[in-house]
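For reference, the structure is listed below as structure tokens.
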Amino acid sequence: MPKFEYVLTTNGGKHEDGEIFAQDRETAIRKLQTADKIILSCNEITKGKHEWFWEKPSLSSEDLLMFTKYLAAMITAGITIAEAFDIIISQTKDAGSKKMFENITTAMRNGQTMSKSLALYPDVFSEIYVNMIGIGEESGTLEQALTGLETQLEKDADLRSKIKAAFIYPIIILIVTLLMAFGIVIFIMPKVMKIFTTFKVDLPLPTRILIWGTNNVWLILATTIVAVITMIFLFKFKFIKKLWNKLSLHFPIFGNILIKTYLARFSRTLHSLLQSGIVMTKALQISSETIGSETYKDIIIESKQKVEQGGSLSSSLESHPKYFPTIMAKMLMVGEKTGSMEKAVGHLANLYEKEVDNITKNLSVLLEPLLLIFMATIVGGLAISIIMPIYQLPNLISK
685 MPKFEYVLTT
695 NGGKHEDGEI
705 FAQDRETAIR
715 KLQTADKIIL
725 SCNEITKGKH
735 EWFWEKPSLS
745 SEDLLMFTKY
755 LAAMITAGIT
765 IAEAFDIIIS
775 QTKDAGSKKM
785 FENITTAMRN
795 GQTMSKSLAL
805 YPDVFSEIYV
815 NMIGIGEESG
825 TLEQALTGLE
835 TQLEKDADLR
845 SKIKAAFIYP
855 IIILIVTLLM
865 AFGIVIFIMP
875 KVMKIFTTFK
885 VDLPLPTRIL
895 IWGTNNVWLI
905 LATTIVAVIT
915 MIFLFKFKFI
925 KKLWNKLSLH
935 FPIFGNILIK
945 TYLARFSRTL
955 HSLLQSGIVM
965 TKALQISSET
975 IGSETYKDII
985 IESKQKVEQG
995 GSLSSSLESH
1005 PKYFPTIMAK
1015 MLMVGEKTGS
1025 MEKAVGHLAN
1035 LYEKEVDNIT
1045 KNLSVLLEPL
1055 LLIFMATIVG
1065 GLAISIIMPI
1075 YQLPNLISK
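Using our numbering, read the sequence shown as starting at 685 and increasing by one per residue.
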């Protein structure tokens, strides 16, 4: 009989994992299904059997947004959930995503709720997504839950696109500068070196360094590749990743962008969850998992624990002024006192999203002089290294 490995979570947020024997995956899911548990994954353990890359779901953030939009539109039009998923399956071309939707539909037809069925694919449907769907099912407001998720995903997509757009110009300048430098070293320098060798020019230090780089270009490239691979490997260690994340928040210009981005993401996520009826402690737990920063995650978890002990969110965040500005703590304090926490968090989300928008719009103006200095330093340095010995040639020729 096949054996399946599973991961599930209880209503209290505790994760459990283990193995179970069953005739097929659907039977295993039915055996595991209970009122107080949500199945996160359940996969067959088969020796020598692997899931090919084209069989894995490849639902991008844009695809997830479109899926949510179509599902919300169909449910609003009066189409049942099962029929809506059948339509989505028929329109899905990616084999992995099609299989995923088929498995979700099968789970729902076997008695699972939509939220628990989506939770079978935690890599695609985040905890916030599953929880908001679950609240919508319980309260009979699934349509509103999907609309809320659609808004959340649109805000996230807009934020990502602005950040990407802000970094495109610096990256292009960096690539162009490196290509120019590489072209000089590979194509121009070897020809100039022949002239220097012929006339036995006494080369200055910058030129000797450039010649060494030209003669060892492949060694430099290999060293760079090894360094990049080493960095990727090191970032697999949690403490390295956490240290880098904390340091990046203090970088000039970029650190401010990151902080505002995390504040906007935290505020928007918390607002969506509170708006859906999720209690504060659970909303903070989910927000910590979706923030994308280990530094902010630790602070939010700490705040959640203080709230559970009877403290306030505002006072907890106020103790971290480097990462949560005083204005944020004060607005949250007003929300706590007036019972309008959801409204206060919504205002904060709008505030920080506008700040990110303004910063990214002005980023090119801030970076342009720095990038020009960087480009002039690299290209100018290479040019000087070549030109300096050339000025010695007339004297050598006259001799």
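All C-beta atoms in this analysis are idealised placements derived from N, C-alpha and C, irrespective of residue type, glycine included.
Keep in mind that this is a model prediction, so the values were computed, not measured.
Pick from the options that is closest to residue i, judged by C-alpha positions
i, options, result
"valine 876", "Met864, Ile895, Ile722, Leu863", "Ile895"
"leucine 1066", "Met873, Leu927, Val860, Thr979", "Met873"
"arginine 949", "Asp886, Glu1039, Ile1070", "Glu1039"
"proline 890", "Ile879, Ile1071, His699", "Ile1071"
"threonine 861", "Val910, Gly961, Phe1058", "Phe1058"
"glycine 961", "Cys726, Ile819, Lys698", "Ile819"
"arginine 959", "Leu802, Leu749, Gly1030", "Contrary to the premise, residue 959 reads as glutamine rather than arginine in this sequence. The shortest Cα separation from glutamine 959 among Leu802, Leu749, Gly1030 belongs to Gly1030."
"glycine 867", "Val1063, Ile943, Ser1000", "Val1063"
"leucine 947", "Ile1068, His699, Ile771, Met1012", "Met1012"
"lysine 878", "Ala865, Leu1032, Leu858, Asn899", "Asn899"
"asparagine 1034", "Ser810, Lys839, Ile817", "Lys839"
"glycine 795", "Pro1053, Ala906, Thr711", "Thr711"
"threonine 789", "Ser774, Arg952, Ser1000, Phe769", "Phe769"
"serine 793", "Ile893, Leu858, Arg714, Lys777", "The sequence shown places arginine at residue 793, not serine. It is Arg714 whose Cα lies nearest to the Cα of arginine 793."
"glutamine 993", "Thr1061, His1004, Met964", "Met964"
"leucine 942", "Ile812, Arg709, Lys848, Glu1052", "Lys848"
"methionine 750", "Ile1068, Phe880, Leu837", "Leu837"
"isoleucine 722", "Thr881, Gln775, Thr908, Ala791", "Ala791"
"tyrosine 805", "Thr825, Ser823, Gly780", "Gly780"
"isoleucine 812", "Gly824, Thr907, Leu716, Arg952", "Arg952"
"lysine 753", "Ala829, Asn695, Lys782", "Ala829"
For residue j and residue i, the rounded distance between their alpha carbons
i, j, result
"glutamate 744", "leucine 1050", "According to the sequence shown, residue 744 is serine rather than glutamate. Their Cα atoms are separated by approximately 32 Å."
"tyrosine 853", "threonine 831", "34 Å"
"isoleucine 870", "leucine 968", "54 Å"
"leucine 692", "leucine 755", "26 Å"
"threonine 835", "leucine 724", "25 Å"
"alanine 1028", "valine 901", "57 Å"
"isoleucine 771", "glutamate 786", "11 Å"
"aspartate 747", "methionine 784", "14 Å"
"alanine 757", "threonine 914", "47 Å"
"alanine 803", "isoleucine 763", "22 Å"
"tryptophan 726", "serine 810", "The amino acid occupying residue 726 in the given sequence is cysteine; tryptophan does not appear at that position. When rounded, the distance between both Cα atoms is 16 Å."
"alanine 841", "lysine 1045", "17 Å"
"isoleucine 904", "glycine 976", "34 Å"
"glutamate 1020", "leucine 1056", "49 Å"
"isoleucine 856", "leucine 863", "10 Å"
"glutamate 1002", "lysine 777", "49 Å"
"threonine 1022", "methionine 1015", "11 Å"
"lysine 981", "serine 1024", "24 Å"
"glutamate 700", "alanine 911", "38 Å"
"histidine 955", "glutamine 775", "33 Å"
"glutamate 767", "serine 801", "15 Å"
Closer than 7 Å: residue i CB and nearest the ligand NAD heavy atom
i, result
"lysine 878", "Of the ligands one can find in the structure shown there are none, so the ligand NAD has no counterpart to examine."
Boundaries of the alpha helix (DSSP H) in which residue i is found, first to last residue
i, result
"leucine 716", "709-716"
"asparagine 1042", "1025-1074"
"asparagine 787", "779-793"
"serine 1000", "997-1002"
"isoleucine 771", "765-775"
"leucine 748", "745-760"
"lysine 721", "Lysine 721 -> not in any alpha helix (DSSP H); beta strand (DSSP E) instead, spanning 721-729."
"threonine 1010", "1010-1022"
"lysine 800", "798-802"
Boundaries (first-last residue) of the beta strand (DSSP E) holding residue i
i, result
"leucine 887", "Taken as a continuous stretch (DSSP letters only), leucine 887 belongs to no beta strand (DSSP E), as it is neither H nor E."
"serine 810", "No beta strand (DSSP E) holds serine 810; DSSP gives it neither H nor E."
Spatial neighbours of residue i in its chain, beta-carbon cut-off 8 Å, leaving aside the 5 residues before and after
i, result
"glycine 939", "Ser932, Leu933"
"threonine 979", "Lys926, Asn929, Lys930, Leu933, Tyr1007"
"asparagine 815", "Ser799, Leu957, Ser960, Ile962, Lys966, Ile970"
"lysine 944", "Tyr1036, Glu1039, Val1040, Ile1043"
"tyrosine 1075", "none"
"alanine 865", "Ile1062, Val1063, Leu1066"
"lysine 922", "Glu978"
Own chain partners of residue i with C-beta closer than 6 Å, once the 5 adjacent residues on each side are dropped
i, result
"methionine 1017", "Ser998"
"leucine 1047", "Ala850"
"proline 888", "Met1072"
Nonlocal neighbours in the same chain, by C-beta distance under 7 Å from residue i, ignoring five residues either side
i, result
"isoleucine 985", "Ser972"
"glutamate 821", "Thr797, Met798, Ser799"
"serine 845", "none"
"threonine 760", "Glu827"
"leucine 918", "Ile924"
"proline 936", "none"
"glycine 897", "Val869, Ile904"
"leucine 1032", "Ser951, Met1012, Met1015"
Ignoring anything shorter than 4 residues or poking outside the stretch 881-932, list the alpha helix (DSSP H) runs there in chain order.
889-899, 901-918, 922-932
4 or more residues per run - each alpha helix (DSSP H) lying fully within the stretch 944-985:
You should have 964-974.
Entirely enclosed alpha helix (DSSP H) segments - the stretch 831-890, minimum 4 residues:
873-883
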